[in-house]
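Just so it is clear: in the sequence shown, position 9 is 688 by my numbering, and no numbers are missing.
The C-beta atom is built at its ideal place from N, Cα and C for all residues, glycine as well.
It should be emphasised that the depicted structure is a prediction, and the values quoted were computed from it without experimental measurement.
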Amino acid sequence: MKHLYSKLLVFLQFSTIGVMLLLVHYRFDLLSILVFSIGAVVGLWALTHNRLGNFNIEPELRENCELVTTGIYRWIRHPMYASVTLMMLGVALMDPRAVQWLLWLFLVNVLLLKAQREESLWLSHDPCYLEYRGKTKYFIPYIL
């Protein structure tokens, strides 16, 4: 049942992203491009410190996974979710209709649920995680 919940969260994440991209009326401006680009950089930075096979698109821990605490992970625990949040915020900024903002808020909630699921798994998997969690933020360094 827990894996079904994880699969549902992934489905909701990608469905929401897909709908946002299909509905957007592209109006490129400096702010939307900047926010999207910052999100892409955050994601790429995270990937340079988290080896393939260590992370999972589902909020489940892989066998033999290792806690990553270097690079951007030194400040935030969920940089990939931060990346998606920022990139899709950039998309929402391109199209200021209410539907885009509602979809973006829904996506943020889905990502928070995924992060909470991962947090609970890490807490039961690695005793060092509690200390790591005390030194870092969820998505935004020094803030959240």
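Open item on the list: Could you give the first and the last residue of the continuous alpha helix (DSSP H) run that contains isoleucine 712?
Closed with: Taking the first residue of the sequence shown as position 1, residue 712 is located at position 33. Here the alpha helix (DSSP H) through isoleucine 712 covers 709 to 728.
TODO: Work out the CA separation of glycine 769 and leucine 700 for me, nearest whole Å.
DONE: Taking the first residue of the sequence shown as 1, we reach residue 700 at position 21. Taking the first residue of the sequence shown as 1, we reach residue 769 at position 90. Cα to Cα, the separation comes out at about 11 Å.
Task: Helix, strand or coil at isoleucine 751 [DSSP, three-state] - done: If you number the sequence shown from 1, residue 751 lands on position 72. Here isoleucine 751 sits in helix by DSSP.
- [ ] Would you mind working out which of Pro806, Gly697, Thr749 and Ser685 sits nearest alanine 725, comparing C-alpha positions?
- [x] Translated into positions along the sequence shown, residue 725 becomes position 46. Taking only the C-alpha atoms, the option nearest alanine 725 is Thr749.
Task: Exposed unless 16 or more other CB atoms sit within 10 angstroms - verdict on glycine 718 - done: Here residue 718 corresponds to residue number 39 of the sequence shown, with the count starting at 1. By the 10 Å Cβ count, glycine 718 comes out buried.
TODO: Under 8 Å by Cβ, that's how I've got alanine 771 and tryptophan 754 pegged, so tell me the actual separation to the nearest angstrom.
DONE: Translated into positions along the sequence shown, residue 771 becomes position 92. Translated into positions along the sequence shown, residue 754 becomes position 75. With a Cβ gap of about 24 Å, alanine 771 and tryptophan 754 do not count as contacting.
Open item on the list: Report the CB separation of threonine 815 from leucine 790 in whole angstroms; it is logged as a contact under 8 Å.
Closed with: As a working note, residue 815 is residue 136 in the sequence shown. As a working note, residue 790 is residue 111 in the sequence shown. Not a contact, Cβ separation roughly 16 Å.
Open item on the list: If distances are taken between C-alpha atoms only, which option among Ser799, Trp780, Ser762 and Arg756 comes closest to phenylalanine 715?
Closed with: Taking the first residue of the sequence shown as position 1, residue 715 is located at position 36. Closest by alpha carbon: Ser762.
Open item on the list: For arginine 812, tell me which candidate among Leu709, Arg756, Glu745 and Met767 has the shortest Cα-Cα distance.
Closed with: Working through the sequence shown from its first residue, we reach residue 812 at position 133. The shortest Cα separation from arginine 812 among Leu709, Arg756, Glu745 and Met767 belongs to Arg756.
Open item on the list: Less than 8 Å between the beta carbons of aspartate 708 and leucine 746, yes or no?
Closed with: Residue 708 sits at position 29 when you count from the first residue of the sequence shown. Residue 746 sits at position 67 when you count from the first residue of the sequence shown. Their beta carbons are not under 8 Å apart, which means aspartate 708 does not touch leucine 746 by this criterion.
- [ ] Just tell me which of Cys744, Ser685 and Pro758 has its CA closest to the CA of proline 738.
- [x] In the sequence shown, counting from the first residue as 1, residue 738 sits at position 59. Closest by alpha carbon: Ser685.
Task: Rounded straight-line distance, which links the Cα of threonine 727 to that of arginine 741 - done: As a working note, residue 741 is residue 62 in the sequence shown. As a working note, residue 727 is residue 48 in the sequence shown. For arginine 741 and threonine 727, the distance between alpha carbons rounds to 18 Å.
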